[in-house]
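The structure appears right after this line, and notes come after that.
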Amino acid sequence: MLTLPLCVMVGRPFAWAALVLPLLPCGGTDAYDAYFQNGARSPPRTMVLVLPADAGGNATLEPAEGVERRAWVGLRVDWYEHPATVASFADRVVVSAGRYGGVGDADASVARQFVFLDAIHLRPCAEAFPATAPAAEARFRDDARNVSLPIRVLAVSPAVAVVEDFVSTAECEAMVSLAAAGGARARTDAEGGLSHAGSPFRRRRGVLFPWARGDALPAALLARASALAAVFGIAAPASAAQEPVNLIEYGEKDAYEPHCDSDCLRDGPVGPGARVATVLVYCAAPDLGGATVFPDRGGGRALKIAPAANAALVFSYETGARGALHAGCAVRRGTKRVLSIFLRTAFDGDDTRASVDVDGLAAPPRGPRGSE
Ligand SMILES: *[C@@H]1O[C@H](CO)[C@@H](O)[C@H](O)[C@H]1NC(C)=O
Ligand SMILES: *[C@@H]1O[C@H](CO)[C@@H](O)[C@H](O)[C@H]1NC(C)=O
2 MLTLPLCVMV
12 GRPFAWAALV
22 LPLLPCGGTD
32 AYDAYFQNGA
42 RSPPRTMVLV
52 LPADAGGNAT
62 LEPAEGVERR
72 AWVGLRVDWY
82 EHPATVASFA
92 DRVVVSAGRY
102 GGVGDADASV
112 ARQFVFLDAI
122 HLRPCAEAFP
132 ATAPAAEARF
142 RDDARNVSLP
152 IRVLAVSPAV
162 AVVEDFVSTA
172 ECEAMVSLAA
182 AGGARARTDA
192 EGGLSHAGSP
202 FRRRRGVLFP
212 WARGDALPAA
222 LLARASALAA
232 VFGIAAPASA
242 AQEPVNLIEY
252 GEKDAYEPHC
262 DSDCLRDGPV
272 GPGARVATVL
282 VYCAAPDLGG
292 ATVFPDRGGG
302 RALKIAPAAN
312 AALVFSYETG
322 ARGALHAGCA
332 VRRGTKRVLS
342 IFLRTAFDGD
352 DTRASVDVDG
362 LAAPPRGPRG
372 SE
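Numbering of the sequence shown is given in this note's numbering, commencing with residue 2 and proceeding in unit increments.
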């Protein structure tokens, strides 16, 4: 790499070099000057920008402070709360555009890639923010397995609840085998492994695999999820019309930004086959980070669920969908593996996804969308 000694390490102050040197930029032929800014606002606080040496290296930035660096498509930009430790990792952005955004940049969607924003890094994701204590207890009777399990109810309306031992380790292993047998593998960056299709701000990584509907185990888990939802009065029959079960893996620094599994603004199902609840099964829990959070339950309240292996999180959004806005916090150490099971109301057809969108409106599916 003979380019390195001559590369322009810091941006504008040395831009004149381009006039007198054959410019050999760092990190690839399309590197360019970039501006990185600490946009943390709630509250404004010191952040640490972590970049590789050939981009110009780390910088500790006071609120609103920015710094010149080099960037290129594919550069991983990490932000930590100050001081930077494994537990204070906050956010990763992968540069996906060949230009930079600065203060006052007219194109905010581009500028965002270089400005640390609280909207992406959530305060409840901080390790110091405690997991939410249960507000009530209920029971889940699983007739198929002849067991009765306690439910920790974190919120009643819309419901958010956790059941330990919803699945066995063997069931999770079997799901991973099924996914592997079906050809599932970690997606590459180019395939959207780090930047979910159409949005540079969703960074769930790895296996996202809907397997054949005929498999017995996914069908059994769907039936179990349907029975769990029924405890909360949610009618979502375990029919073949339901969506396939997905297996998703998060490696270190992977996260999923705040999103709804339905239209965030809806307040009641708008048609047959609308999604009304999600059951998220934690097959593997990370060593640190990776909590599921509901950052905006109204009145400044947030919910936080620390993943525990074999537990399931169920949440409903038949009404008050905005309260089911949720996010997967960055995994700080280890791997998180989840099964996401979306539950839809009764639908007179073979396949909801082919016929209606997540709100039950007769329209082509709007593309990948969903829980973690
Ligand atoms: C930049 O910060 C990261 C994360 O704290 C650290 O691992 C790395 O060693 C730092 N780089 C330098 C050159 O100090
Ligand atoms: C279900 O479990 C209970 C107690 O654990 C047991 O008494 C009962 O026989 C079981 N029923 C069946 C059908 O296995």
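By construction, the Cβ of each residue, glycine as well, lies at the ideal position given by its N, Cα and C atoms.
Looking at C-alpha atoms only, which residue of the options is the closest neighbour of residue i?
| i | options | result |
| --- | --- | --- |
| Ala-303 | Gly-40, Gln-243, Cys-330 and Pro-125 | Pro-125 |
| Lys-337 | Pro-308, Asp-119 and Asp-351 | Pro-308 |
| Thr-320 | Leu-266, Leu-223, Pro-259 and Asp-166 | Leu-266 |
| Ala-136 | Ala-285, Gly-269, Leu-248 and Ala-160 | Ala-160 |
| Leu-223 | Glu-172, Ala-310 and Val-68 | Glu-172 |
| Ser-341 | Asp-288, Ser-227, Gly-234 and Asp-264 | Ser-227 |
| Val-51 | Thr-133, Leu-118, Glu-244 and Glu-82 | Glu-82 |
| Val-116 | Phe-167, Ala-127, Ala-139 and Val-78 | Val-78 |
| Glu-66 | Asp-351, Pro-45 and Pro-238 | Pro-45 |
| Ser-149 | Ala-132, Thr-133 and Phe-167 | Phe-167 |
| Glu-253 | Gly-234, Ala-237 and Ala-286 | Ala-286 |
| Asp-255 | Ala-56, Arg-334, Ser-178 and Ala-325 | Arg-334 |
| Gly-301 | Leu-218, Glu-63 and Leu-123 | Leu-123 |
| Arg-42 | Glu-128, Leu-118 and Glu-165 | Leu-118 |
| Pro-296 | Leu-218, Ala-313, Ala-127 and Glu-63 | Ala-127 |
| Pro-270 | Arg-345, Glu-258 and Ala-220 | Arg-345 |
| Val-282 | Gly-272, Leu-248 and Arg-71 | Leu-248 |
| Pro-53 | His-327, Gly-75 and Pro-64 | Gly-75 |
| Glu-244 | Phe-343, Ala-132 and Ala-363 | Phe-343 |
| Gly-272 | Ala-363, Glu-138 and Trp-80 | Ala-363 |
| Gly-57 | Leu-314, Ala-72 and Ser-240 | Ala-72 |
| Asp-288 | Ala-162, Ala-239, Ala-322 and Tyr-251 | Tyr-251 |
| Glu-165 | Leu-179, Glu-138 and Ala-175 | Glu-138 |
| Val-359 | Ala-322, Ala-239 and Ala-328 | Ala-322 |
| Ala-180 | Thr-353, Asp-351, Ile-306 and Val-339 | Val-339 |
From residue i to residue j, what does the alpha carbon distance come to, in whole angstroms?
| i | j | result |
| --- | --- | --- |
| Ala-242 | Ala-275 | 11 Å |
| Val-332 | Ala-182 | 26 Å |
| Ala-347 | Gly-290 | 36 Å |
| Asp-268 | Tyr-33 | 46 Å |
| Asp-216 | Gln-38 | 49 Å |
| Ser-263 | Tyr-318 | 8 Å |
| Ala-278 | Arg-225 | 13 Å |
| Ala-60 | Val-294 | 29 Å |
| Phe-316 | Glu-69 | 43 Å |
| Ala-140 | Phe-233 | It should be pointed out that residue 140 corresponds to Arg in this sequence rather than to Ala. Distance between the alpha carbons of Arg-140 and Phe-233 is about 11 Å. |
| Gly-324 | Asp-31 | 43 Å |
| Ala-236 | Asp-144 | 17 Å |
| Phe-130 | Arg-298 | 16 Å |
| Cys-330 | Gly-361 | 29 Å |
| Gly-29 | Ser-356 | For Gly-29, the predicted model reports a pLDDT of 47, less than 50, meaning its position is unreliable and no value from the coordinates is stated. |
| Leu-62 | Ala-312 | 39 Å |
| Asp-349 | Val-95 | 42 Å |
| Cys-261 | Leu-326 | 5 Å |
| Cys-284 | Thr-170 | 7 Å |
| Val-177 | Tyr-36 | 42 Å |
| Ala-310 | Leu-229 | 18 Å |
| Ala-162 | Ala-132 | 13 Å |
| Ala-376 | Pro-219 | There is no way to answer for residue 376, as the model of the chain reaches only from 2 to 373. |
| Asp-55 | Pro-84 | 22 Å |
| Val-280 | Glu-258 | 18 Å |
| Arg-142 | Leu-314 | 16 Å |
| Gly-40 | Pro-238 | 45 Å |
| Asp-351 | Ser-240 | 9 Å |
| Asp-92 | Glu-174 | 30 Å |
| Asn-147 | Thr-47 | 53 Å |
| Ala-231 | Pro-64 | 47 Å |
| Val-246 | Thr-353 | 13 Å |
| Ala-328 | Val-49 | 22 Å |
| Ala-221 | Ala-292 | 26 Å |
| Pro-151 | Trp-80 | 39 Å |
Check: Between the segment 84 to 98 and the segment 149 to 164, do three or more beta carbon pairs fall short of 8 Å?
Finding: In the pairwise beta carbon analysis, the segment 84 to 98 is classified as not touching the segment 149 to 164: fewer than three pairs are separated by under 8 Å.
Note to self: If you measure from each CB to the nearest heavy atom of ligand 1 and keep those under 5 Å, what residues do you get, in chain order?
What the structure shows: Cβ atoms closer than 5 Å to ligand 1 belong to Val-51, Asn-59 and Ala-85.
Checklist line | Complete runs of the beta strand (DSSP E) confined to the segment 271 to 332 [at least 3 residues] | finding: Counting only runs of at least 3 residues, the segment 271 to 332 fully encloses the following beta strand (DSSP E) elements, listed from N- to C-terminal order: 276 to 285, 293 to 295, 304 to 306, 313 to 317 and 327 to 329.
Checklist line | Complete runs of the alpha helix (DSSP H) confined to the segment 144 to 189 [at least 4 residues] | finding: The DSSP assignment places complete alpha helix (DSSP H) segments of no fewer than 4 residues inside the segment 144 to 189 at 170 to 182, in order along the chain.
Next item on the list: Please list the segments of the beta strand (DSSP E) lying wholly inside the segment 46 to 94, counting only runs of 3 or more residues, in order along the chain.
Entry: Within the segment 46 to 94, the complete beta strand (DSSP E) runs of at least 3 residues fall at 48 to 51, 60 to 62, 67 to 72 and 77 to 82.
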